[in-house]
Amino acid sequence: MLETIFRGLFDTDLTSVISVTDFLLCLGCALALGLVMALAYMYKTRYTKSFVVTLALLPAVVCIVIMMVNGNVGTGVAVAGAFSLVRFRSVPGSAKEICALFLAMGAGLIAGMGYLAYAALFTVILCAVFLLYNRLDFGAKKNAAAYKTLTVTIPEDLDYTGIFDDIFKAYTCSYELAAVKTTNMGSMFRLTYDVTLRDPAKEKEMIDLLRCRNGNLEIAVSKQETMAAEL
5 MLETIFRGLF DTDLTSVISV TDFLLCLGCA LALGLVMALA YMYKTRYTKS
55 FVVTLALLPA VVCIVIMMVN GNVGTGVAVA GAFSLVRFRS VPGSAKEICA
105 LFLAMGAGLI AGMGYLAYAA LFTVILCAVF LLYNRLDFGA KKNAAAYKTL
155 TVTIPEDLDY TGIFDDIFKA YTCSYELAAV KTTNMGSMFR LTYDVTLRDP
205 AKEKEMIDLL RCRNGNLEIA VSKQETMAAE L
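Each number in the working numbering corresponds to the 1-based position in the sequence shown with 4 added.
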């Protein structure tokens, strides 16, 4: 009786119907794997509640979609198109977030195909590697303190072309003028440099020399940011 209730309207005798027991087993497994992935992602990572909840539920959603496709090529193509549209309705994420989403989708795909043991093994191994890389701080930029963004304000009558080159050559390994902007109703220029310090401990000494050169106007030093869109 229960199998009849969950039978599709367009099913035929030649159609293989997923039993309710198998459906619940795959769904429960996908939910458990999603929870494991969400907990692994939360370890030493900045996260939002919405992303973690999405990560926990995504394997179950993908699992159910794959189970419902059940070998139907036409439905599979339609589902692939629907998933591709989601990308254009979401804001760009970091490489780490995109990787976590792909892992969740992979676990859901394996569970939806019925290979629950492989799905569990996949999740355990990938989460273990994910945690290991986080623990080892794998991929962290070495000498990150040396990479700085320097903003210097100068009067409009001061030619900014090469004005600080001698100071930068003494205190930096490399430097580049990244942006020039007028400020204070056009009476001043704001120069933005990307610099790599030779010795981060001499940062104040370099700033003092710059202050003498720019008439003690505003100078700002900040951490050099990488590109917002990593992928």
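For glycine and all other residues, C-beta sits at the position ideal for the given N, C-alpha and C.
Residue i - DSSP class collapsed to helix/strand/coil
{"i": "Tyr47", "result": "coil"}
{"i": "Glu180", "result": "strand"}
{"i": "Asp258", "result": "Any property of residue 258 remains undetermined from this structure, which presents the chain solely from 5 to 235."}
{"i": "Met192", "result": "strand"}
{"i": "Ile158", "result": "strand"}
{"i": "Ile211", "result": "helix"}
{"i": "Arg226", "result": "Note that residue 226 is Ser in the sequence shown, not Arg. In the structure shown, Ser226 sits in a strand (DSSP, three-state: E or B)."}
{"i": "Gly166", "result": "coil"}
{"i": "Thr52", "result": "coil"}
{"i": "Ile22", "result": "coil"}
{"i": "Tyr119", "result": "coil"}
{"i": "Gly38", "result": "helix"}
{"i": "Arg217", "result": "helix"}
Separation of residue j from residue i, as counted between CA atoms
{"i": "Cys103", "j": "Ala111", "result": "12 Å"}
{"i": "Lys206", "j": "Asp161", "result": "29 Å"}
{"i": "Leu130", "j": "Val24", "result": "30 Å"}
{"i": "Met231", "j": "Ala182", "result": "Note on Met231: pLDDT 48, under 50, position unreliable in the model; the coordinate value appears next. Their Cα atoms are separated by approximately 14 Å."}
{"i": "Ala34", "j": "Ala64", "result": "5 Å"}
{"i": "Ala44", "j": "Ile114", "result": "19 Å"}
{"i": "Gly118", "j": "Ser54", "result": "28 Å"}
{"i": "Ala233", "j": "Tyr151", "result": "Residue placement at Ala233 cannot be trusted, given a pLDDT of 45 that sits under 50; the coordinates are not used to answer."}
{"i": "Leu154", "j": "Asp198", "result": "6 Å"}
{"i": "Ala149", "j": "Asn218", "result": "24 Å"}
{"i": "Thr4", "j": "Phe172", "result": "Since the displayed the chain opens at 5 and closes at 235, residue 4 lies outside it and no answer follows."}
{"i": "Val56", "j": "Leu107", "result": "13 Å"}
{"i": "Ala124", "j": "Val66", "result": "15 Å"}
{"i": "Lys227", "j": "Leu120", "result": "45 Å"}
{"i": "Glu209", "j": "Asp203", "result": "11 Å"}
{"i": "Tyr179", "j": "Ala99", "result": "27 Å"}
{"i": "Asn220", "j": "Glu101", "result": "43 Å"}
Pick from the options that is closest to residue i, judged by C-alpha positions
{"i": "Leu140", "options": "Ser191, Ala36, Lys185 and Lys48", "result": "Lys48"}
{"i": "Val184", "options": "Leu28, Phe193 and Ala174", "result": "Phe193"}
{"i": "Thr127", "options": "Ile158, Leu62 and Val40", "result": "Val40"}
{"i": "Thr187", "options": "Asp198, Leu214 and Glu222", "result": "Glu222"}
{"i": "Arg215", "options": "Gly190, Glu229, Lys227 and Val156", "result": "Val156"}
{"i": "Ile70", "options": "Leu213, Ala99 and Met109", "result": "Met109"}
{"i": "Ala174", "options": "Arg50, Ile158, Ser98 and Leu213", "result": "Leu213"}
{"i": "Leu62", "options": "Leu195, Leu31 and Asp170", "result": "Leu31"}
{"i": "Phe27", "options": "Val57, Gly116, Thr52 and Leu107", "result": "Gly116"}
{"i": "Leu195", "options": "Ala224, Arg202, Leu201 and Glu209", "result": "Ala224"}
{"i": "Ser191", "options": "Asp203, Ser98, Glu209 and Pro159", "result": "Pro159"}
{"i": "Leu59", "options": "Leu105, Glu229 and Asp170", "result": "Leu105"}
{"i": "Ile22", "options": "Val73, Met189 and Glu229", "result": "Val73"}
DSSP beta-bridge partners of residue i
{"i": "Tyr151", "result": "Thr200"}
{"i": "Val128", "result": "Beta-bridge pairing links Val128 to no other residue."}
{"i": "Thr186", "result": "Phe193"}
Should the segment 131-138 be called in touch with the segment 158-175, which here means at least 3 C-beta pairs below 8 Å?
Taking one beta carbon from each stretch, the segment 131-138 and the segment 158-175 have fewer than 3 pairs nearer than 8 Å; the two do not touch.
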